[in-house]
Ligand code: CUK
Ligand code: CUA
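In the UniProt record's numbering, the protein residues as written are 1 to 638.
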């Protein structure tokens with residue numbers, strides 16, 4: 001009994017902190033009505049795909065809405081033994097970096113490709129927070145097909161944000177770092193030697209292929225979340241920045257001294273013109289670019305040695321600063337592109353800026369001064385207005401396309417709905433607990449589908465059956481179709497979700513690749529039929545060209561291998577049918593399994609360390625004779 005009271009108290013204190021506003025909706029008695037709204041009957045499909053970041057697991061989870069069902073764990077930056085991602089010889093180069101093979105990262109944000117500011121859902125982009133990289137996922141195969149590293153950058157939190165026709169994926173550096181030839185400098189020389197960079201990664205409109213087009217040099221601030229302008233503000237980018245104090249130690253104190261930090265507005269169309277006019281400078285940089293090839297079913301990794309940079313203190317009209325209260329964490333632009341919302345996580349208001357006013361202020365040179373050689377606009381001249389008493393700790397804002405914004409309040413643990421024009425708070429609901437990002441289908445685009453909203457919460461506490469010290473993170477689904485938000489469902493998530501984007505399932509469900517045509521398999525190790533199966537020795541390399549099809553491996557008895565040989569199992573899955581992967585695993589191998597899609601070839605490398613006979617088998621229950629799908633490898637002493 002005592003415990004129950006205590007748990008309730010923990011829950012309540014969070015939103016009791018909200019000033020002068022007792023959160024309504026705390027009653028959120030879940031009625032049968034709520035259950036029917038999230039119930040997707042067996043055999044039926046969800047209405048939306050939700051592509052959810054996995055945070056410290058480095059992966060993406062694919063979730064159906066409104067059911068909250070997890071449909072897939074899609075490996076991106078972290079090795080995944082389940083399907084051999086980062087273990088198969090073909091996929092290893094995808095995790096290559098200038099630091100070598102990096103088997104993990106911290107994935108925070110998702111961007112779904114758009115055309116004219118509406119989801120086309122051809123690709124998903126995701127960021128690696130730790131070793132700065134951007135990945136592109138093909139949404140026809142749900143596979144990571146490209147990863148590009150970002151030079152002159154550290155802590156790639158501030159990405160990936162896309163422009164409205166997916167012209168660019170944009171990334172800001174969280175940590176400023178020393179750049180150039182000598183990076184072995186005193187940390188105390190931060191202000192002189194450290195730099196921030198904003199990277200513009202061009203996306204090929206047909207293939208989706210990325211390339212680092214240019215970087216804009218920036219002062220050693222920390223950059224946080226950003227959004228592209230859209231519709232009327234297309235051509236601009238808005239980055240939140242903090243630590244404009246340029247502290248390099250005790251940031252929790254030193255980076256919160258000023259009343260205002262800034263939103264950095266970048267005229268990227270102008271920057272693009274300067275690039276075309278040859279105003280950029282080529283600088284040495286070192287990064288890798290990894291691509292997956294759908295024909296050979298394998299990845300290649302290319303090293304690149306230079307990058308084009310623009311200096312906004314010389315090219316004066318590409319960067320402007322808008323003052324924004326207290327360490328903004330997020331910046332969001334509304335569906336029309338007119339309003340730019342700043343969320344200072346230590347601020348008591350939410351400032352909303354007007355793009356039209358910003359242009360006028362630039363035109364009139366309505367500057368309050370300069371910051372590191374770049375103009376600072378006057379707060380009042382750009383401000384549309386402030387949302388007052390929204391709650392505590394505004395983090396992230398999404399839009400419903402009906403004139404309302406929804407801002408997550410981390411400290412007061414609630415979601416606040418407000419009118420973008422009048423800035424009036426019209427509804428608030430508690431979240432359990434300490435909400436981070438919100439996700440409305442189409443929420444960051446010009447055309448939101450304002451039906452559901454998911455809150456991705458940081459603290460779970462008492463929401464589920466306890467599982468020791470670590471609890472599943474928690475998502476909450478709200479109905480936002482009416483005037484009042486209504487909590488419908490809690491569902492646990494995988495890893496630590498940060499941002500997620502959702503879009504109508506109808507956009508992609510009929511274009512999913514079901515299998516790969518075997519005649520188009522250009523892997524040098526592909527086999528077109530069972531009769532091609534064989535074993536070849538080349539020096540101390542053994543190449544096993546193996547087929548798998550229900551329900552056998554060929555060859556299934558392999559001899560003539562010695563201890564210390566490098567054994568390569570090149571396994572081709574000959575199936576030409578949907579949903580029939582075969583697995584391959586061998587006893588004692590210090591690697592993961594392979595999970596080979598129909599029509600694909602994958603390779604597992606193993607160096608046996610002892611003599612004996614080693615069984616191998618298919619790991620994916622594929623037919624009534626799945627248990628018969630096995631074989632032996634004999635290893636003899638050297
Ligand atoms: S962050 Cu996690 S709650 Cu990395 Cu987008 Cu704001
Ligand atoms: Cu193939 Cu089980």
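Note that the Cβ used here is the ideal one computed from N, Cα and C, for glycine as well.
Every value quoted in this text rests on a predicted model; they were computed, and no experiment measured them.
- The shortest CA-to-CA distance from residue 460 to any of 146, 475, 450 and 454 is the one to 475.
- Inter-residue distance for residue 277 and residue 271 is about 10 angstroms (C-alpha atoms, whole angstroms).
- By the rule of a C-beta closer than 6 angstroms to any heavy atom of ligand 1, the residues picked out are 108, 109, 157, 225, 329, 395, 396, 436, 437, 498 and 499.
- Note on residue 261: 16 or more other CB atoms within 10 angstroms of its CB, so buried under the neighbour-count rule.
- According to the DSSP secondary-structure assignment, residue 204 is paired through a beta bridge with no residue.
- The C-beta of residue 250 has fewer than 16 other C-beta atoms within 10 Å across all chains shown, which makes the residue exposed.
- Between the C-alpha atoms of residue 521 and residue 54 there is a straight-line separation of about 32 angstroms.
- Secondary structure within the region 104-132: the beta strand (DSSP E) runs of 3 or more consecutive residues, fully enclosed, are 110-115 and 118-128 (chain order).
- Residue environment for residue 335: buried (at least 16 other C-beta atoms within 10 angstroms of its C-beta).
- The Cβ neighbour count for residue 506, taken over all protein chains shown within 10 Å, is under 16; the residue is labelled exposed.
- Counting the other Cβ atoms within 10 Å of the Cβ of residue 625 gives fewer than 16, which makes it exposed.
- A distance below 7 angstroms between beta-carbons, with the five flanking residues on each side excluded, links residue 148 to the following residues of its chain, in chain order: 133, 134, 201, 210, 212 and 289.
- In this model, residue 96 and residue 84 are separated by some 15 angstroms (Cα to Cα).
- Taking a contact to require three or more Cβ pairs closer than 8 angstroms, the region 213-233 and the region 145-161 qualify as touching.
- Between the region 356-369 and the region 307-316 there are fewer than three inter-stretch CB-CB distances shorter than 8 angstroms, so the stretches are not counted as touching.
- Burial check for residue 204: the Cβ neighbour count within 10 Å stays below 16, so the residue is exposed.
- Counting the other Cβ atoms within 10 Å of the Cβ of residue 514 gives fewer than 16, which makes it exposed.
- Contact check for residue 155 against residue 125 fails: the beta carbons are separated by 7 angstroms or more.
- Residue pairing of residue 606 in beta bridges, as defined by DSSP: 567.
- Between residue 440 and residue 398 a beta carbon distance of about 4 angstroms is seen, short of the 8 angstroms cut, so the two are scored as contacting.
- With a cutoff of 6 angstroms, residue 324 does not count as near ligand 2, since its C-beta is closer than that to no heavy atom of the ligand.
- Residue 217 is bridged by DSSP to 197.
- Relative to ligand 2, the nearest heavy atom lies less than 6 angstroms away from the CB of residue 629.
- Assigned with DSSP and collapsed to three states, residue 518 falls in helix.
- Taking a cut-off of 8 angstroms on C-beta distances, the region 364-380 does not touch the region 416-423, as fewer than three cross pairs fall below it.
- From the listed residues 269, 587, 75 and 379, the smallest Cα separation to residue 146 is found for 75.
- Residue 194 and residue 482 have their C-alpha atoms spaced approximately 49 angstroms apart.
- In this chain, the alpha helix (DSSP H) harbouring residue 356 covers 355-363.
- Note on the region 30-116: whole beta strand (DSSP E) runs with a minimum of 3 residues are 48-53, 59-65, 69-75 and 110-115, in chain order.
- No Cβ-Cβ contact shorter than 7 angstroms links residue 322 with residue 394.
- The C-beta distance from residue 68 to residue 489 rounds to 6 angstroms, short enough to meet the 8 angstroms contact threshold.
- The Cβ atoms of residue 500 and residue 50 lie closer than 7 angstroms to each other.
- When the alpha-carbon of residue 593 is set against those of 584, 221, 267 and 231, the nearest one is in 584.
- Contact check between the region 600-619 and the region 559-576: three or more CB pairs, one atom from each, fall below 8 angstroms, which counts as touching.
- With a threshold of 16 other beta carbon atoms within 10 Å, residue 537 falls short and is exposed.
- Contact check for residue 437 against residue 396 passes: the beta carbons are separated by less than 7 angstroms.
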